[in-house]
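For our numbering, count along the sequence shown from 1 and bump the result up by 3.
Backbone N, C-alpha and C fix where the C-beta goes; we use that ideal spot for every residue, glycine too.
On a predicted model such as this, the values are computed, not experimentally measured, just so you know.
Input: a single structure, listed below in structure tokens.
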Amino acid sequence: MDSAFERLKQMSLYEIMPVFFMVLNPDGTVVHMNATILKVLGYDLAEVRGKDVVEVLSITDEYDRVRNVHEQMRTQTGMVMGEETMRTKTGELLRVEWRGIGLFDDNGQVEFLLGIGTDVTEHRRMEEEIARRKQETDLIANTMQSIFDSTPDYIWAVDREYKLMFFNKASMTIC
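Now the structure itself:
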């Protein structure tokens, strides 16, 4: 192995990180994955080492986009960020937020692609649930507003501090 990878191995910090850590060859084949990502994905390192990470872990719809991210990591300095859907060994889909960089040698040639990822599946599900519930609440509020506005009686509501919270169209004719 190259000295850059040996330096990474010596750090061994990446093995105990509670986030996903991945080292790829410039062609996108797996050099190493830490225990965290292997456990979550259900693979042993021997099953993925040397394989194209996109074909093994990405969903078909995202192949091109993920390959474009890898190309950015190969050709530019600085961090590249993104999010992708990954497929576990059992077929479960995970949403993962990635930060990656290319590791370049002294001649400016990319040696490895390094990625640190976080499973954001539950976070995204919660965001979707909040958005869904907000949409339902807005629909109920709009329906209630329509019902109240079609009523000729005065309807209004105040909070505990007597601040006006709601009134219907008929209430505007009081004055």
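Helix, strand or coil: which one does DSSP assign to VAL34? Along the sequence shown, read from residue 1 onward, the residue named residue 34 stands at position 31. Three-state result, VAL34: strand.
State the start and end residues of the unbroken alpha helix (DSSP H) segment that holds MET129. By one-based count along the sequence shown, residue 129 stands at place 126. Boundaries of the alpha helix (DSSP H) around MET129: 124 to 153.
Excluding five sequence neighbours on each side, which residues of the same chain lie with their C-beta closer than 8 Å to the C-beta of GLU86? For the purposes of this step, residue 86 is taken as the residue at position 83 of the sequence shown. Answer for GLU86: ARG98, VAL99, GLU100, TRP101 and VAL123, listed in chain order.
Give the secondary structure of SER15 by DSSP, where H, G and I count as helix, E and B as strand, and everything else as coil. Within the sequence shown, the letter at position 12 stands for residue 15. Of the three classes helix, strand and coil, the one that applies to SER15 here is coil, per DSSP.
Between ASP122 and chain C, is any beta-carbon pair separated by less than 8 Å? The structure shown has no chain C; it contains just one protein chain.
Whole angstroms is fine: what's the gap from GLY120's alpha carbon to THR140's? Taking the sequence shown and counting its residues from 1, the one referred to as residue 120 is at position 117. Taking the sequence shown and counting its residues from 1, the one referred to as residue 140 is at position 137. Distance from the CA of GLY120 to the CA of THR140, rounded to the nearest whole angstrom, comes to 34 Å.
Okay, do the region 122 to 137 and the region 45 to 55 touch, 3+ Cβ pairs below 8 Å being the bar? No: the two stretches stay apart, fewer than three of their Cβ pairs being nearer than 8 Å.
So, for TYR17: in the same chain, excluding its five sequence neighbours on each side, which residues have a beta-carbon less than 6 Å away from its beta-carbon? By one-based count along the sequence shown, residue 17 stands at place 14. These residues qualify, in order along the chain: PHE24 and ASN37.
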